[in-house]
Amino acid sequence: MALADIKSLQNFDAPFYAVIGHPVAHSLSPFIHESWMTSCNIKSRYSAIDILPADLKSGVRALADKGCRGFNVTVPHKETIIPLCGKLDESARKIGAVNTVSIDENGTLTGFNTDAFGFIRNLQVQHKDFQFADKTALILGAGGATKAIVHGLLQQNIRAIYLANRTKSKAEKLVAEVGEAAVSPIDWERRYDVLADIDLLVNATTLGMEGQPPLCFDLGRLKKGATVYDIIYKPLMTDLLQNAKDKGFHVVTGLGMLLYQAQKAFEIWHGVRPDISDEFMLELENMAQGHKKTGDKA
Ligand code: ATR
Numbered sequence: 059m060a061l062a063d064i065k066s067l068q069n070f071d072a073p074f075y076a077v078i079g080h081p082v083a084h085s086l087s088p089f090i091h092e093s094w095m096t097s098c099n100i101k102s103r104y105s106a107i108d109i110l111p112a113d114l115k116s117g118v119r120a121l122a123d124k125g126c127r128g129f130n131v132t133v134p135h136k137e138t139i140i141p142l143c144g145k146l147d148e149s150a151r152k153i154g155a156v157n158t159v160s161i162d163e164n165g166t167l168t169g170f171n172t173d174a175f176g177f178i179r180n181l182q183v184q185h186k187d188f189q190f191a192d193k194t195a196l197i198l199g200a201g202g203a204t205k206a207i208v209h210g211l212l213q214q215n216i217r218a219i220y221l222a223n224r225t226k227s228k229a230e231k232l233v234a235e236v237g238e239a240a241v242s243p244i245d246w247e248r249r250y251d252v253l254a255d256i257d258l259l260v261n262a263t264t265l266g267m268e269g270q271p272p273l274c275f276d277l278g279r280l281k282k283g284a285t286v287y288d289i290i291y292k293p294l295m296t297d298l299l300q301n302a303k304d305k306g307f308h309v310v311t312g313l314g315m316l317l318y319q320a321q322k323a324f325e326i327w328h329g330v331r332p333d334i335s336d337e338f339m340l341e342l343e344n345m346a347q348g349h350k351k352t353g354d355k356a
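For reference, each letter of the sequence shown is one residue, going 59 to 356 in our numbering.
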């Protein structure tokens, strides 16, 4: 659904919810949220709404005027939505990005970031014994997702985080913004040098995603017992994870990050935490792998 459709809707049942982005048509969020609305007996709807960057302000106003009470935010609006939010929660402020907005009865927007929660919860669910204290992580990539991941790991009191990014200046900028001694940038070319100390390796680049170049990463020097986490979910079992699994490392797949950030957003809007059944997880996996095409993380 495009913004123009929202503006012209005469009898849109309020309250309703949405994900906004560009592109957004292939987002899995409508399926996730509408399934949970049904299971939680909440009479509402959730739509994907394509909003161009130039239309963000008027689009958000139109949504609020039509009775939208909350929306998720995906690429490219996660940062540009901030000035439109009257309030920001601590995660959104610290990460500098918003992925969830609630709208109160006066039309005031509050911005949240549930991506860090999604990343950590997914790790805890797939690797129940993982302890963060005294652990060292290496994150590949310094894009939008990395900031939320760094925030989540720091909240869990991880000991140290290295950021290796092809463009080192982006990793350096991110480290400066975070301003924590525990986080340091390393040269992309030196990414293997720290592997013997790494307990958690995270791929937060787009490499390995369907339609993108592969991530060629040699795990030979990775610390024994380490965990390898790929936030890509299409394919679910990336080459990196398959390779890690074959070598006996713990692996964490990426779809749960999407699911748990959605669960937290649902809780913010509706005050209930929806259950995630094995059947639902399987259905979502099938959708993510084949029936819906998405490179979108929202
Ligand atoms: P997201 O919001 O998902 O983090 P993004 O902001 O587009 O996505 O970031 C993509 C990440 O993948 C970046 O860290 C990018 O590295 P650069 O900052 O150097 O662009 C990384 N990436 C993309 N293609 C890459 C490649 N061919 N080799 C190494 N890193 C790559």
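Note that beta-carbon positions come from the ideal geometry of N, C-alpha and C, so glycine has one too.
Determine contact between the stretch 77-88 and the stretch 128-142, defined as no fewer than three beta-carbon pairs at a distance below 8 Å.
yes
If we ignore side chains and look at the alpha-carbon of each, how far apart do Ile256 and Ile216 end up?
Distance between the alpha carbons of Ile256 and Ile216 is about 12 Å.
Nearest residue (CA-CA) to Ala191, options Gly201, Lys322, Leu212 and Ile290
Leu212
Taking 7 Å as the cut-off, does the CB of Gly210 come closer than this to any heavy atom belonging to the ligand ATR?
no
Could you tell me which residues DSSP puts in a beta bridge with Asn223?
Asp245
Does the ligand ATR have even one heavy atom less than 7 Å from the beta-carbon of Gly202?
For the ligand ATR, a non-hydrogen atom lies closer than 7 Å to the CB of Gly202.
Specify the secondary structure class of Lys351 as computed by DSSP and reduced to three states.
Any reading at Lys351 is ruled out, since the residue's pLDDT is 40, under 50, leaving its predicted position unreliable.
Residues of its chain near Ala311, where Cβ-Cβ distance is below 6 Å and the 5 sequence neighbours each way are ignored:
Note that residue 311 is Thr in the sequence shown here, rather than Ala. Answer for Thr311: Leu294, listed in chain order.
Determine the direct distance from the alpha carbon of Ala239 to that of Glu230, and round the result to whole angstroms.
13 Å
Using 7 Å as the cut-off, classify the Cβ of Ala346 as near or not near the heavy atoms of the ligand ATR, replying yes or no.
no
Return the CA-CA distance between Lys205 and Leu253, expressed in angstroms with no decimal places.
If you take the alpha carbons of Lys205 and Leu253, they lie about 21 Å apart.
Less than 7 Å between the CB of Lys228 and some heavy atom of the ligand ATR, yes or no?
It does: the Cβ of Lys228 is within 7 Å (strictly closer) of some heavy atom of the ligand ATR.
Nearest-angstrom Cα separation, counted from Thr263 out to Ala203:
9 Å
For Thr225, verify whether its CB is less than 7 Å away from any heavy atom of the ligand ATR.
yes
Do Ile153 and Asn180 have their beta-carbon atoms positioned less than 8 Å apart in this structure?
no
Glu268 and Lys303 - do their beta-carbons sit closer together than 8 Å?
no
Inter-residue CB distance, Ser87 and Met95 (contact presumed, cutoff 8 Å):
At roughly 12 Å, the Cβ-Cβ gap does not stay under 8 Å, so Ser87 and Met95 are not in contact.
Confirm the yes/no value for this check: CB of Thr263, any heavy atom of the ligand ATR, distance under 7 Å.
yes
Taking the alpha carbon of Phe307 as the reference point, which residue from Thr296, Lys322 and Lys281 has its own alpha carbon closest?
Lys281
CA-CA distance, Ala72 and Tyr104?
11 Å
Of all the options Arg224, Ile90, Leu273 and Phe129, which has the alpha carbon lying nearest to the alpha carbon of Glu343?
Measuring from the Cα of Glu343, the nearest candidate turns out to be Ile90.
What do you reckon, are the CB atoms on Phe74 and Gly125 nearer than 8 Å?
Taking 8 Å as the Cβ cut-off, Phe74 and Gly125 qualify as a contacting pair.
State the Cα-Cα distance for the pair Ser149 and Val156, rounded to the nearest angstrom.
About 9 Å.
Alpha carbon to alpha carbon, what distance is there between Gln319 and Asp173?
5 Å
Whole-angstrom distance between Ser116 and Gly314, CA atom to CA atom:
33 Å
Inter-residue spacing [alpha-carbon to alpha-carbon] between Thr285 and Asp162:
When the Cα atoms are used, Thr285 and Asp162 turn out to be separated by approximately 41 Å.
Gly199 CB to nearest heavy atom of the ligand ATR below 7 Å:
Yes, the ligand ATR has a heavy atom inside 7 Å of this Cβ.
Is it the case that the Cβ atoms of Ser160 and Ile290 are separated by a distance below 8 Å?
no
Cutting at 7 Å between CB atoms, please list the residues of its own chain near Ser93, excluding the five before and the five after it.
Phe338
Where Ala60 falls: helix, strand or coil (DSSP)
Assigned with DSSP and collapsed to three states, Ala60 falls in strand.
Using a threshold of 7 Å, is the CB atom of Pro271 nearer than that to any non-hydrogen atom of the ligand ATR?
yes
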